[in-house]
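>
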Amino acid sequence: MNHYEAVTLLVPEFSDKDVQKYVDDLGELLARLGADDIRPARVERRSLAYPVKKRTEGYYVHVHCDAPATLPEAVRTEFKHREGILRLAFVRGPKPENEPEPAAAPAREEPKPAPEPEPTAEPEAVPAEPDAAPAEETERDDG
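Residue numbering for the sequence shown follows full-length UniProt numbering, beginning at 1 and increasing consecutively.
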């Protein structure tokens, strides 16, 4: 069995009830297709880096499970024409040791302007003496 992370991007128009229904349906489908150790979904609404099907926001749903290699294609086939799914991807990789709990998204703050540097007086350049040559070190044989 392989370890998979299923990542789904849902439309932002979904209500919390619609998102939860999708998560439940996905969990049931994964179990029916032979997935083990299904970890609860992590759901977060985020802005997208670029528009997907003319939408700039969406719900990301992450589910981890151990499943046979046929699972990703079977899930794609099952959800292919389902409304509300913008993207569906499976990532195969090592099982995460201690998956951190998702932190609450920090509130966006307005960037503060950089403080003006304090003006400092520039030291006056002291001209070097033209006659002064750098002192040369000589090796001494003390012994």
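Glycine included, each C-beta is placed from N, C-alpha and C at the ideal position. As the structure is a computational prediction, the values presented were derived from the model and not from experiment.
#1: Can you find the residues in the same chain that come closer than 6 Å, C-beta to C-beta, to valine 91, ignoring five residues on each side of it along the sequence?
#2: Looking at C-alpha atoms only, which residue of Gly93, Lys95, Pro94, Leu88 is the closest neighbour of leucine 10?
#3: Say whether the region 43 to 54 touches the region 24 to 35, bearing in mind that this needs 3 or more beta-carbon pairs closer than 8 Å, one atom from each stretch.
#4: Among Phe14, Thr56, Leu33, Gly58, which has the Cα closest to the Cα of proline 1?
#5: Using only alpha-carbon positions, find the residue among Asp37, Asp36, His62 that is nearest to glutamate 44.
#6: For aspartate 37, which three-state DSSP category applies?
#7: Between which two residues does the beta strand (DSSP E) holding valine 7 run?
#8: Taking the Cβ atom as the reference point for each residue, do phenylalanine 14 and glycine 84 lie within a distance shorter than 8 Å?
#9: By Cβ distance below 7 Å, which residues in the same chain neighbour alanine 74 in space, the five residues on each side in sequence not counted?
#10: Determine the direct distance from the alpha carbon of proline 12 to that of glycine 58, and round the result to whole angstroms.
#11: Please decide whether glutamate 78 counts as near chain D, where near means a Cβ-Cβ distance under 8 Å.
#12: Name the DSSP bridge partner or partners of valine 44?
#13: Helix, strand or coil for alanine 103, going by three-state DSSP, please let me know.
#14: Return the CA-CA distance between aspartate 18 and lysine 95, expressed in angstroms with no decimal places.
#15: Can you give me the C-alpha to C-alpha distance between proline 68 and phenylalanine 79, rounded to a whole angstrom?
Put simply:
#1: Here residue 91 refers to the residue found at position 91 of the sequence shown. Within the same chain, valine 91 has close Cβ partners Glu5.
#2: Locating residue 10 in the sequence shown gives position 10, counting from the first residue. Ranking the options by Cα distance to leucine 10, first place goes to Leu88.
#3: no
#4: One-based indexing of the sequence shown puts residue 1 at position 1. Looking at the sequence shown, residue 1 is not proline but methionine. Checking every option, the nearest Cα to that of methionine 1 belongs to Leu33.
#5: Position 44 of the sequence shown, counting from 1, holds the residue named residue 44. When each option's Cα is compared against that of glutamate 44, the closest is His62.
#6: As a working note, residue 37 is residue 37 in the sequence shown. Aspartate 37: coil per DSSP, three-state reduction.
#7: On the sequence shown, position 7 is the one that residue 7 refers to. Unbroken beta strand (DSSP E) run through valine 7: 2 to 10.
#8: Translated into positions along the sequence shown, residue 14 becomes position 14. Translated into positions along the sequence shown, residue 84 becomes position 84. Yes, they are a contact pair.
#9: Here residue 74 is taken as the residue at index 74 of the sequence shown, counted from 1. Same-chain partners within the cutoff: Leu33.
#10: Position 58 of the sequence shown, counted from the start, is the residue given in the question as residue 58. Position 12 of the sequence shown, counted from the start, is the residue given in the question as residue 12. For glycine 58 and proline 12, the distance between alpha carbons rounds to 4 Å.
#11: This model lacks chain D altogether; it includes just one protein chain.
#12: Residue mapping note: residue 44 aligns to position 44 of the sequence shown, counting from 1. The sequence given here has glutamate at residue 44, not valine. Looking at the DSSP assignment, glutamate 44 forms a beta bridge with Tyr60.
#13: For this step, residue 103 is matched to residue 103 along the sequence shown. At alanine 103 the pLDDT is 47, less than 50, meaning the model places this residue with poor confidence; the figure from the coordinates comes in the next sentence. Coil, per DSSP.
#14: Working through the sequence shown from its first residue, we reach residue 18 at position 18. Working through the sequence shown from its first residue, we reach residue 95 at position 95. Looking at the two C-alpha atoms, the distance is approximately 29 Å.
#15: Position 68 of the sequence shown holds residue 68. Position 79 of the sequence shown holds residue 79. Each residue's alpha carbon lies about 18 Å from the other.
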